[in-house]
Amino acid sequence: MPDPMIRLQGVTKVFPGMEHPAVGGLSLDIDEGEIVMLVGPSGCGKTTTLKMINRLVEPSGGTITVAGADITSMAAHELRRGIGYVIQQIGLFPHRTIADNIATVPRLLGWERARIAARIDELITLVDLEPGMKDRYPAELSGGQRQRVGVARALAADPPVLLMDEPFGAVDPIVRGRLQDELLDLQARVRKTIVFVTHDMDEAIKLGDRVAVLNVGGILEQYAPPAEILRDPANAFVEGFLGSDRGIKRLSLIPVSEVDLERGPVVGLDESAADARIAMERYGVDWVGIADGERLLGWVPAEDVSDPLSALRPRPFMTRLGLRSSLREALDTVITSHTRVAPVFDGDRFVGMLTADSIGREVTE
Amino acid sequence: MIDFLGEVVRWLVETWDGLVLTQPGGAVIDQGFRSGYVWRIWEHVQVSGAALLAATLIALPLGAYFGHTGKGGFAVVSVVNIGRALPSFGIVALALPITIGLADALPFISSGLGFLPTFVALFALALPPIFTNTYAGVQGVNPETVEAARGMGVTEGRILREVELPIASPVILAGIRVSAVQVVATAPLGALVAYGGLGRYIIDGFAIRDDVQIFAGALLVAGLSVITELLFSWVERRVVPHGIRPATSREVRRAAA
Amino acid sequence: MIGQSTGPFFRWDWVFSHLDLVWEKVVEHLVLTGVALGVGMALSLVLSVLALRWRRTYTPITWVTGALYSIPSLALFAFLVPITGFTLLTAEIGLVSYTLLILIRNIVAGIDGIDPAVRESAIGMGYGRRRLFLEIELPLALPVIIAGLRIAAVTTIGLVTVTALIGQGGVGFFILRGLSRFFSTEIVLGTALSVILAVSVDLALVLVERALSPWARRRASA
């Protein structure tokens with residue numbers, strides 16, 4: 466087993482004037498290339514712990530090593546130039562262009578101009594920004610765009626470690642979901658070691674390879690992959706933090722592609738109204754789906770079914786899921802749609818349907 | 005150094021009732037009570053007070069009117085900017101040809117020198133702070149309060165007098181204080197237009213190169229300036245209506261008990 | 334002005350025939366102002382860094398500079414004359430003293446007003462203290478600092494006229510001479526020049542600020 470990328474041993478932090486330590490004797494190993502989420506209620510010391518890794522907060526006790534080196538063995542600013550740091554409000558420099566913002570650490574490290582320019586272009590593409598944005602100022606960008614610049618800036622000098630402190634907390638849920646997906650994409654490409662602080666358990670489950678659940682005072686209650694925590698919470702505290710919809714949360718970890726899909730009450734254009742009625746009865750529903758080969762055109766309520774089927778005007782399904790969508794999204798679709806099914810597509814190709822039953826079967830397994 | 009300060013102290017002790025000059029030949033001349041600093045302070049306060057009073061009588065109603073109607077904001081900003089760019093030395097100097105011209109033209113003005121130009125210049129200097137502060141104070145009264153009064157049938161004039169001015173009084177008094185300090189600080193320049201006042205010691209001291217007189221004069225001017233600031237701050241605190249004053253923590257605790 | 338009172342208040346012909354002198358005094362005025370602002374700014378930067386580093390020094394620093402500011406200008410120069418005489422040094426010491434309060438207040442306020450997230454992210458990325466101050470904090474505080482510099486400049490230009498009484502003066506020379514000769518043209522000239530200089534320098538500083546902070550005016554497009 467290779468040595469962990471980051472190792473915390475008995476790390477303690479006591480702030481002056483405080484009775485109890487903010488973090489009391491925390492030990493944690495973070496392996497290379499994994500995303501570790503630090504979650505917990507306020508006061509659990511998750512942000513303090515994160516900030517001790519890059520010495521924005523100096524530990525009162527214990528040791529922290531990054532890439533095998535004790536963090537106190539070098540000057541603080543040198544340590545920080547080798548660790549990417551992203552915070553919630555981002556903190557882009559308003560008086561510098563996007564390009565100059567991204568170039569910050571490479572400049573501090575003394576890279577040559579050509580190398581910096583090449584790296585800036587590389588990163589702008591990596592975080593999905595338009596090249597034209599390079600010469601704009603932060604005030605001209607939207608919130609989501611600024612977040613991406615913040616991540617690009619943190620990655621500029623290609624640090625092995627990235628520290629993120631609730632980076633997506635300040636954007637709306639839609640943008641947040643997108644940014645989370647982009648982070649996972651990014652990670653698939655660059656494979657950094659990421660320590661991510663969040664108070665949102667759903668975010669922890671979605672993003673983390675391992676999740677550290679912390680209690681007040683930096684007490685580590687459980688440290689395991691998300692599926693394990695959901696399946697076997699270590700104690701009442703963790704269970705409480707997971708929330709009562711633990712079963713449903715597990716569904717968010719299972720992609721639709723891992724489940725057997727049924728064809729559902731769907732008939733082709735070459736079939737007849739009678740076939741349609743048989744299908745509706747078999748599934749016990751009051752509607753039928755119409756397909757043209759592998760293309761699912763939509764659904765028709767029972768009372769409108771008549772020959773020829775090609776003359777009917779099917780209504781589109783409300784939500785179409787992809788193979789990577791989670792069972793949780795499928796369940797949401799099933800519950801909220803009129804048809805009570807979630808159709809799954811591979812691109813445009815109709816693959817099958819999920820019903821409440823088929824989803825329920827997965828949970829109990 | 006110590007000797008010098010000792011001489012300054014001696015000068016201060018001696019000169020309250022008359023400035024004593026030693027002629028080169030050894031003769032000592034006492035220039036009379038009006039050359040002492042008690043009288044000079046009186047002259048200084050006289051012209052400053054007159055200018056401040058006149059400025060208040062003009063600028064306060066003007067500022068209140070504009071603040072109440074809300075018009076003239078641009079004029080206010082311009083006044084502030086121009087006021088800052090005008091050199092007080094220039095104002096005092098400019099007053100002289102004006103008052104001399106007035107004295108020539110109007111028979112009841114005996115002299116265009118001395119009190120008149122000093123008064124005119126200080127009056128001009130005193131206007132901006134009072135005007136802008138009164139404007140800002142009245143304009144800044146919570147519009148809802150004003151609306152409520154209007155809705156109850158209170159006339160515009162009474163709203164101004166009984167609602168806006170009292171609420172704006174802290175800001176207005178601050179403006180008067182700033183104006184007063186500025187006037188007292190600039191009055192020494194009146195010595196240049198043949199007025200008395202404490203500036204006399206400094207200007208005359210420059211002319212005869214008497215370091216002791218210069219230094220002592222400066223002490224008196226600075227001292228009077230500080231006293232003016234303290235006096236007006238005290239008045240400000242006492243005169244503001246009780247409900248407007250920010251409550252001290254003691255008062256809040258007592259009220260909550 | 335007994336003879337002058339029937340004559341014109343302002344004689345353009347006199348001005349045009351003395352343009353060299355006018356120019357000389359204007360230059361003198363600007364030099365006096367420039368030196369005072371330069372030294373004042375340098376001193377204020379040092380004192381501000383002190384006040385920002387050790388917060389407890391801020392109050393005494395503002396107290397002393399505030400006390401200096403509240404001394405009437407004639408009195409301040411008068412205090413200095415017995416010590417440094419009727420010299421350029423006396424004038425400059427006085428002029429510099431008056432700039433300190435406003436400059437220090439604005440430098441400190443400007444730096445304090447910086448978004449804390451910017452500072453945190455800069456330190457988190459590895460900025461050392463000195464580069465942080467020079468590359469991040471000062472540039473971002475620039476608009477507020479220049480606002481203070483503008484006020485200091487206008488005030489100083491007005492005060493330079495008073496230094497005519499101790500042998501310096503810039504355009505105050507005309508005011509003083511006009512006063513002693515009862516020549517209204519010179520008085521008006523001196524005062525007008527002072528105002529023109531003040532307005533021009535103020536405008537110039539506004540342009541400087543615009544040039545140095547292009548980022549302050551950009552906004553997100555729709």
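Residue numbers (the working numbering), protein chains in the order written: chain A, 466 to 830; chain W, 5 to 261; chain G, 334 to 555. For glycine and all other residues, C-beta sits at the position ideal for the given N, C-alpha and C.
- Residues of chain A with a Cβ closer than 8 Å to the Cβ of V451 (chain G) are, in chain order, G556, L557, F558, P559.
- With respect to chain G, the C-beta atom of T513 (chain A) has no partner C-beta closer than 7 Å.
- The alpha carbon of R88 (chain W) has as its nearest neighbour, out of G:V532, G:R389, G:S517, the alpha carbon of G:V532.
- Only buried fits G615 (chain A), as 16 or more other CB atoms lie within 10 angstroms of its CB.
- For N680 (chain A), the uninterrupted beta strand (DSSP E) run begins and ends at 675-680, by DSSP.
- Within the region 612-668 of chain A, the complete beta strand (DSSP E) segments of 3 residues or longer fall at 626-630, 658-663, listed in chain order.
- At a cut-off of 7 Å between beta carbons, G141 (chain W) makes no contact with chain G.
- Within the model, the alpha-carbon separation for I6 (chain W) versus G227 (chain W) is close to 21 Å.
- DSSP, reduced to helix, strand and coil, places W752 (chain A) within a strand of the structure shown.
- Straight-line spacing of the CA atoms in L774 (chain A) and I694 (chain A) works out to 50 Å.
- Using a 10 angstroms sphere on the CB of K75 (chain W), the tally of other CB atoms stays under 16, which defines it as exposed.
- In this structure, V150 (chain W) and V167 (chain W) form a Cβ contact; the two beta carbons are roughly 6 Å apart against a cut-off of 8 Å.
- Annotation for S173 (chain W): V244 place their beta carbon closer than 6 Å to its own, counting only its chain and skipping 5 residues before and after.
- Neighbours of S82 (chain W) across chain G, judged by C-beta separation under 7 Å, do not exist; the nearest C-beta is about 12 Å away.
- At a cut-off of 7 Å between beta carbons, T569 (chain A) contacts chain G.
- As the crow flies, the alpha-carbon of Y139 (chain W) is around 26 Å from that of A191 (chain W).
- Listed in chain order, the positions of the region 456-481 of chain G with a beta carbon within less than 7 Å of a beta carbon of chain A are I456, G457, M458, G459, Y460, G461, I469, P472, L473.
- Taking the C-beta atoms as reference points, T562 (chain A) is found nearer than 7 Å to D600 (chain A).
- Ranked by Cα distance from L433 (chain G), the first of G:L471, G:L370, G:D353, G:E470 is G:L370.
- Shown in chain order are the members of the region 411-424 of chain G whose Cβ falls below 7 Å from a Cβ of chain W: A411, F412, V414, P415.
- In the three-state DSSP reduction, A699 (chain A) falls in the coil class, being neither helix nor strand.
- DSSP, read as helix, strand or coil, puts P571 (chain A) in helix.
- Inclusion of I478 (chain G) and N439 (chain G) in the CB contact set at 7 Å is warranted, their separation being smaller than that value.
- Counting only residues of its own chain and dropping the five nearest sequence neighbours on each side, R44 (chain W) has a CB closer than 7 Å to the CB of G200, G201, L202, R204.
- Chain-ordered, the chain G residues with CB closer than 7 Å to the CB of R545 (chain A) read G457, M458, G459.
- Contact between the region 491-509 of chain A and the region 678-686 of chain A is present: three or more C-beta pairs spanning the two stretches fall below 8 Å.
- If one requires a minimum length of 4 residues, the alpha helix (DSSP H) runs lying completely within the region 362-424 of chain G are 391-403, 406-417, in chain order.
- Short of 7 Å from the beta carbon of T423 (chain G), and not among the five residues preceding or following it, lie these beta carbons of its own chain, in chain order: F410, L413, V414, T417, I499.
- Residue environment for I231 (chain W): exposed (fewer than 16 other C-beta atoms within 10 angstroms of its C-beta).
- Taking a Cβ-Cβ threshold of 8 Å, the residues of chain G close to D215 (chain W) are V414, P415, in chain order.
- In the three-state scheme derived from DSSP, where H, G and I count as helix and E and B as strand, A544 (chain G) is classed as helix.
- Judged by DSSP secondary structure, L761 (chain A) falls within the beta strand (DSSP E) whose first and last residues are 760-766.
- Taking a cut-off of 8 Å on C-beta distances, the region 443-456 of chain G does not touch the region 51-61 of chain W, as fewer than three cross pairs fall below it.
- In this structure, A:A619 is the residue among A:A821, A:Q610, A:N700, A:A619 with its C-alpha nearest to the C-alpha of G547 (chain A).
- Under a criterion of Cβ atoms nearer than 8 Å, the residues of chain A adjacent to R551 (chain G) are, in order, R601, Y602, A604, E605.
- Our two residues, I33 (chain W) and L23 (chain W), have alpha carbons roughly 8 Å apart in a direct line.
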